[in-house]
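Presented below is the structure to which this report refers.
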Amino acid sequence: MVVAKRRSRTGYLLLFPGMTWLAIFFAIPFVTLFMTSLQEPVPGKMGKYQAGFQLSNYTNAMAEYWPQFLRSFIYAGIATLLALVIAYPLAYFIAMKGGKWRPLLLVLVIAPSFASFLLRTYAWRTILADEGPITSFFNALHLLPDDRILNTGIAVVAGLTYNFLPFMILPLYAALEKIDPRLIEASSDLYSSAVATFRKITWPLSLPGVVAGTLLTFIPAAGDYINAELLGSTKDRMIGNVIQTNFIEFRDYPTASALSFVLMAAILVMVFTYIRRAGTEDLL
Amino acid sequence: MRWLRRNLLGIIAILVLIYLFIPIAVVAILSFNKPSGKFNISWTQFSTDAWTNLCGVPGVCSSFATSIQIGIISTVVATALGTMIAFALVRYRFRGRSTTNLLIFLPMATPEVVMGSSLLALFLNLRFPLGQWTVIIAHIMFIISFVVVTVKARLQGLDPRLEEAARDLYADPKSTFRYVTLPLVAPGIAGAALLGFSLSFDDFIISYFNAGTLVTFPIFIWGAAQRGIPVQVNALATLVFVIALLVVLSSQLVNYRRRKKLMST
Chain A
0 MVVAKRRSRT GYLLLFPGMT WLAIFFAIPF VTLFMTSLQE PVPGKMGKYQ AGFQLSNYTN
60 AMAEYWPQFL RSFIYAGIAT LLALVIAYPL AYFIAMKGGK WRPLLLVLVI APSFASFLLR
120 TYAWRTILAD EGPITSFFNA LHLLPDDRIL NTGIAVVAGL TYNFLPFMIL PLYAALEKID
180 PRLIEASSDL YSSAVATFRK ITWPLSLPGV VAGTLLTFIP AAGDYINAEL LGSTKDRMIG
240 NVIQTNFIEF RDYPTASALS FVLMAAILVM VFTYIRRAGT EDLL
Chain B
0 MRWLRRNLLG IIAILVLIYL FIPIAVVAIL SFNKPSGKFN ISWTQFSTDA WTNLCGVPGV
60 CSSFATSIQI GIISTVVATA LGTMIAFALV RYRFRGRSTT NLLIFLPMAT PEVVMGSSLL
120 ALFLNLRFPL GQWTVIIAHI MFIISFVVVT VKARLQGLDP RLEEAARDLY ADPKSTFRYV
180 TLPLVAPGIA GAALLGFSLS FDDFIISYFN AGTLVTFPIF IWGAAQRGIP VQVNALATLV
240 FVIALLVVLS SQLVNYRRRK KLMST
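Below, the structure is given as structure tokens:
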């Protein structure tokens, strides 16, 4: 950028309304969330809470719900890995061989998001139905422990993988597109095998995309509860389901807030590890 | 065999694209279904009932209208606020840049369930009544960041010489902005608004936490999932998908033609 950046009041005026909105409705709620997570019950009144410092809310919540926490991270982790494996060839193809079709191919990657997230997830109930072709195929090979996919963890992971795939494809594409094709040509001119070229040139250069894509897939997947609710059984509930039911149905605000806070803390640790490697300017 | 090896990447890419569209095909096909029970999950019989009677089930069209209204208000506000931030980031120097970047990035990296629950904690503590306005406030909050990123990318791609030329031709800053900068950034702003609307229209988790008794289209679907989603929902979702796809594709086409024309002159 050659334009000299001006330092004037206009800059602050432009920032003010939007940043204030984010401060009030994004940042400050974390403070209220934290305060709510420490509230104690009002003696004698069921379901009423008052300001307090109940650290035991955290230990109790974790003691009761650690399996859902662990499951969320495992499901999200598997889904992220699968998404990486599925997304990489497509991102590579669009970046390296897309040519003038690139913009169209990118539209096709984003287009599925135009159809309702809930309905697309629900559609997997039809695709993975018990008598359906996919379940029958795996059953013929005796690969399914419960003889079905629907209402098991497999369906939840499949749904997560599908739903967050574009979040993996786009950052991967952005990183692969920046690679100078001459580097790859040079490598093969020097009699490097395709595998070695990939391992030593393409993969390392695409790592920023891999890191960004992994974060952008893992984070929403770990917090998601739509897939677990629509595709899994009650045994496959994730931490998002627990937060939602405790907040909205049981109205146990302190427990739900504590869980929400722990989830955010875990994710912030991941984001900051990334920022220390890449810096904030690269985030946007 | 050699053909297969040479085209393996292309074949995999096409298979992945097909995979992305399979659930949408299911949604669209089932919109022409006449389900035997309450659950519209497996194919029974062809019917256009849902398409000829889109509002035939109570709640479908009212929730759809609610979502459109919320989407429009949220998008207009978030696009204005986000565009202003993008201009500040690209064109101005200011203190606290990395904090600003962080505050813009974090909403995109926060699970929706955390944003939804923390905002609900705020509204509950303030005893703010839940409903349309709390949902709109929430939507504006999470759309701003996406607008900033989209518009910022467009602004950074601008050729600074165009604005210099305007200034050299004695255009004052106001008319340079009005006649040069704004028209050049407009496609980015339009794209950001489209993205913002589709995010708002499709949002479930954050809306559900902050909606109270308000029913948006996704909240209607969520409630219906337990007792059977009406076929009309599939029809409306298919319609939205087709319209959005046509809008995006035609804008791509316009872009493509414009670029081609520029190349040939």
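Protein sequences appear in the order of chains A and B.
Those letters in the first sequence? Residues 0 to 283, by numbering that gives the first Met the number 0.
Those letters in the second sequence? Residues 0 to 264, by numbering that gives the first Met the number 0.
C-beta: ideal position from N, C-alpha, C; glycine also.
| task | Name, going along the chain, the residues of the region 58-82 of chain A whose beta-carbon falls closer than 9 Å to a beta-carbon of chain B. | result | none
| field | Nearest residue (CA-CA) to residue 272 of chain A, options A:211, A:250, A:236, A:260 | value | A:211
| query | What is the DSSP secondary structure of residue 1 of chain A, counted as helix, strand or coil? | reply | In this prediction, residue 1 of chain A scores a pLDDT of 44, lower than 50, which makes its location untrustworthy; no coordinate-derived value is stated.
| said: If distances are taken between C-alpha atoms only, which option among A:217, A:209, A:148, A:138 comes closest to residue 262 of chain A? | reply: A:217
| query | Over what stretch of residues does the alpha helix (DSSP H) that includes residue 47 of chain A continue unbroken? | reply | Unbroken run through residue 47 of chain A: none, as it is neither H nor E.
| task | Report buried or exposed for residue 285 of chain A, applying the criterion of at least 16 other Cβ atoms within 10 angstroms of its Cβ. | result | As displayed, chain A neither begins before 0 nor continues past 283, which places residue 285 of chain A out of reach and without an answer.
| task | Report the partner residues of residue 32 of chain B according to the DSSP bridge assignment. | result | B:45
| For the 8 Å Cβ check, are there 3 or more pairs between the region 71-82 of chain B and the region 189-197 of chain B? | yes
| Buried versus exposed call for residue 6 of chain B [16 or more other C-beta atoms within 10 Å across all chains shown] | exposed
| request: Measure from the C-beta of residue 91 of chain B to each C-beta in chain A and report whether the shortest distance is under 8 Å. | output: yes
| message | Can you look up residue 6 of chain B in the DSSP assignment and give me helix, strand or coil? | response | helix
| request: Could you pull out every residue in the same chain whose Cβ sits closer than 7 Å to the Cβ of residue 257 of chain A, ignoring the five residues on either side in sequence? | output: 36, 56, 57, 60
| said: Using 8 Å as the cut-off, can you tell me whether the region 212-221 of chain B makes contact with the region 33-40 of chain B, which would need three or more C-beta pairs spanning the two stretches below that distance? | reply: no
| said: Applying the 10 Å Cβ sphere with the 16-neighbour rule, what's the burial state of residue 236 of chain B? | reply: buried
| field | CB contact flag (residue 229 of chain A, residue 24 of chain B, <8 Å) | value | no
| query | Can at least three beta-carbon pairs, one atom from the region 85-98 of chain B and one from the region 110-130 of chain B, be found at a separation below 8 Å? | reply | no
| Contact under 8 Å by Cβ, residue 18 of chain A with residue 109 of chain B | no
| Can we say the region 189-207 of chain A touches the region 149-164 of chain A, given the rule of at least three CB pairs closer than 8 Å? | no
| query | In this structure, does DSSP put residue 130 of chain A in helix, strand or coil? | reply | coil
| When you compare only the Cα positions, how much space is there between residue 234 of chain B and residue 15 of chain B? | 25 Å
| If we cut at 8 Å on Cβ distances, does residue 13 of chain A have a partner in chain B? | yes
| What's the gap between the Cα of residue 152 of chain A and the Cα of residue 234 of chain A? | 8 Å
| query | Taking Cβ positions only, does residue 299 of chain B come closer than 8 Å to chain A? | reply | Not covered by the structure: residue 299 of chain B. The range shown for chain B is 0 to 264.
| query | How about residue 248 of chain B and residue 108 of chain A: are their beta carbons less than 8 Å apart? | reply | no
| Where are the alpha helix (DSSP H) runs, 4 residues long or more, that stay fully inside the region 184-215 of chain B, in chain order? | 204-209
| message | Assuming residue 262 of chain B is part of the alpha helix (DSSP H), what are its boundary residues? | response | 230-263
| query | Which residues in the same chain as residue 78 of chain A place their Cβ atom closer than 6 Å to its Cβ, once the five residues preceding and following it in sequence are excluded? | reply | 156, 159, 160, 220
| Does residue 16 of chain A come within less than 8 Å of chain B when only Cβ atoms are used? | yes
| If you pair each beta-carbon of the region 49-68 of chain B with each one of the region 248-257 of chain B, do three or more pairs fall below 8 Å? | no
| said: Could you check whether the Cβ of residue 213 of chain B sits closer than 8 Å to any Cβ belonging to chain A? | reply: no
| query | Within this structure, are the beta carbons of residue 32 of chain A and residue 186 of chain A separated by less than 8 Å? | reply | no
| C-beta atoms of residue 161 of chain B and residue 183 of chain B nearer than 8 Å | yes
| So which residues on chain B does residue 52 of chain A lean against when the C-beta distance must stay under 8 Å? | What residue 52 of chain A touches in chain B: nothing, since even the nearest Cβ is about 16 Å away.
| field | Chain-ordered neighbours of residue 299 of chain A on chain B, where CB pairs are closer than 7 Å | value | In the structure displayed, chain A extends from 0 to 283; residue 299 of chain A sits before or after that span and is not available.
| Sequence-distant residues of the same chain with beta carbon closer than 8 Å to residue 0 of chain A, five excluded per side | Confidence at residue 0 of chain A is low in this model, with a pLDDT of 42, below 50, so the placement of that residue is unreliable and no value is reported for it.
| field | Expected contact under 8 Å - CB spacing of residue 90 of chain A and residue 11 of chain A to nearest Å | value | Not quite, the Cβ-Cβ distance comes to about 39 Å (not below 8 Å), so this is no contact.
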